[in-house]
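S.K.: Numbering (the numbering used here), first residue to last: 1188 to 1501.
Every residue, glycine too, gets a C-beta built ideally from N, C-alpha and C.
Note that the structure is predicted; figures quoted are calculated from it, not measured.
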Amino acid sequence: MGGLNSDGLDALQTVAGIIDRAPTPQEVWYGHSILTSTLFPAVEPPAGTDYVSKRVGGVEYLLEAGIDPATHERRFPAGKYPRLIMAWMAKQIRMSAGRRTGTVDPERRMVVIPSMHRLASELGLSHGGATALLLQEQLRLLLASHISVRVVSEDGGVTYRDSVSLPLVEAVRLAEGSDDPSKGGAAFVLTKDVWVRLSRESAPFDTRAASFLLSGRSVLPYDVYVWLSGSMGGLRHPVRLDWDWLYARFGDGVSSMKNFRLKFRRAVGKVRVVYPGVRVEVGSDGVLLLPSPAAVPRRAQGGLPGVDDDAKWL
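#1: Out of Ser1405, Arg1427 and Ala1397, which one is the CA nearest neighbour of Gly1438?
#2: To the nearest angstrom, how far is the alpha carbon of Thr1258 from that of Leu1321?
#3: Which residues in the same chain as Tyr1238 place their Cβ atom closer than 7 Å to its Cβ, once the five residues preceding and following it in sequence are excluded?
#4: Give the DSSP bridge partners of Thr1346, in chain order.
#5: Quick check on Asp1410: buried or exposed, where buried means 16 or more other Cβ atoms within 10 Å of its Cβ?
#6: Spell out a yes or no on whether the stretch 1291–1303 and the stretch 1370–1387 are touching, meaning 3 or more CB-CB pairs, one atom from each, closer than 8 Å.
#7: Name the DSSP beta bridge partners of Leu1250, please?
#8: Is it true that the stretch 1259–1277 meets the stretch 1452–1463, where meeting means three or more beta-carbon pairs spaced less than 8 Å apart?
#9: With distances taken from CA atoms, which of Gly1473, Asp1366, Leu1326 and Gly1371 is nearest Asp1431?
#10: Does DSSP put Ala1504 in a helix, a strand or coil?
#11: Quick one: grab the DSSP three-state call for Glu1468.
#12: Taking all protein chains shown into account, decide if Pro1368 is buried (16 or more other Cβ within 10 angstroms of its Cβ) or exposed.
#13: From what residue to what residue does the beta strand (DSSP E) around Arg1427 run?
#14: Can you find a CB in chain C that lies within less than 8 Å of the CB of Phe1375?
#15: Just grab the DSSP bridge partners of Leu1377 for me.
#16: In terms of DSSP beta bridges, what is Ile1300 paired with?
#17: Rounding to the nearest angstrom, what Cα-Cα distance links Pro1480 and Ala1234 in this structure?
#18: For the stretch 1298–1310 and the stretch 1319–1336, state whether three or more C-beta atom pairs, one from each stretch, are separated by less than 8 Å.
#19: With DSSP as the reference, identify every bridge partner of Arg1262, one or two as the case may be.
#20: Quick check: what's the CA-CA separation for Val1338 versus Asn1446?
#21: So the alpha helix (DSSP H) Leu1312 belongs to, where does it begin and stop?
#22: Counting only the same chain and skipping the five closest in sequence on each side, list residues whose C-beta sits under 7 Å from that of Pro1425.
#23: Hey, would you say Leu1330 sits closer than 8 Å to Phe1375, going by beta carbons?
#24: If I follow the unbroken beta strand (DSSP E) through Val1474, where does it start and stop?
#25: Phe1447 lies in the alpha helix (DSSP H); which residues open and close that run?
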């Protein structure tokens, strides 16, 4: 039997560190069940796809691809980068506590990325030119995309279809280094709705766990971790969710329910490695969530502003 390679040893050390030591405030980031994870497709959808959608209860979130300002192509942000960028934004907003910093101006709802090099470093990514180009591309696609929120209701034999537009930004300025992609940066003004959702509805998670969960090809373990981290914060009683609900929420890009059940079970198993206190039972009819200790102990959050009761994540 061969020994562990360096990546395997790093993963073991990461897991051991998570179990042995609470995260520092710098290692605590904030995730939103929709805006920093499951809304974005795991892989880029086929050309011609009009939208992707996710349901939370009776609410449907639709993501439409915008036009890439660099190529004029209509493409979706996808994979781990938009998830990490949105979580980084939530972190900057929560850390600012309403005060202007080097990366956010709460009064103007502005976010500043000084350079791709710095962003890659804070996201725990390599600093190479290829990474900077991918990060820059996904940032462009992310800021160009558009979200809408839709609800269908019935009353007295009348069907009502309500829709609310939720663009991410009001204004964007992109800077791209001609000789070195890592020098490029960005400044943009978030819409009020997105700013409020990231500042009030995001829940803390451990970036060491996120790095471990995103180390493979699938983003599903990360999405499940962010979801459970937020859901457990406001859970006061057991909640049962069936496989249809889970498939609609997390099954993006998975061809069949049978395959999804297998992948979801594996994802939960991987989450348990970095969040051993989570109480979730996976059965033939779905999952049962039980009240659990927080993924990040309150004392590890360093006095950062608290999160609203997030039972809406379910």
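M.R.: Taking the structure as given:
#1: It is Ser1405 whose Cα lies nearest to the Cα of Gly1438.
#2: Spanning the two alpha carbons is a distance of roughly 14 Å.
#3: Contacts found: Leu1249, Leu1250 and Glu1251.
#4: Checking the DSSP bridge columns, you'll see Thr1346 partnered with Glu1341.
#5: A buried status is given to Asp1410, since no fewer than 16 other beta-carbon atoms sit within 10 Å of its beta-carbon.
#6: With a cut-off of 8 Å, the stretch 1370–1387 and the stretch 1291–1303 count as touching, because enough Cβ pairs lie within range.
#7: Leu1250 pairs with Val1239 and Ile1334.
#8: Three or more Cβ pairs closer than 8 Å define a contact, and the stretch 1259–1277 falls short of that threshold against the stretch 1452–1463.
#9: The shortest C-alpha separation from Asp1431 is found at Gly1473.
#10: As shown, the chain starts at 1188 and ends at 1501. That puts residue 1504 outside it, with no answer to give.
#11: Looking at Glu1468 - three-state DSSP - the assignment turns out to be strand.
#12: Its Cβ being crowded by 16 or more others within 10 Å, Pro1368 is buried.
#13: Val1426 to Asp1429 is the extent of the beta strand (DSSP E) around Arg1427.
#14: Considering every chain present, this structure includes no chain C. It has just one protein chain.
#15: Val1356.
#16: Bridge pairing for Ile1300: Ala1373 [DSSP].
#17: Roughly 43 Å separates the two Cα atoms.
#18: Between the stretch 1298–1310 and the stretch 1319–1336 there are three or more C-beta pairs closer than 8 Å, enough to call the two in contact.
#19: Within the DSSP secondary-structure output, Arg1262 pairs in a beta bridge with Gly1253.
#20: Note on geometry: alpha-carbon atoms of Val1338 and Asn1446 lie some 29 Å from one another.
#21: Following the DSSP letters along the chain, one finds Leu1312 in no alpha helix (DSSP H), marked with neither H nor E.
#22: Around Pro1425: Leu1475, Leu1476 and Leu1477.
#23: Closer than 8 Å, so yes.
#24: Per DSSP, Val1474 belongs to the beta strand (DSSP E) from Gly1473 to Leu1477.
#25: Per DSSP, the continuous alpha helix (DSSP H) segment holding Phe1447 begins and ends at Met1444 to Val1461.
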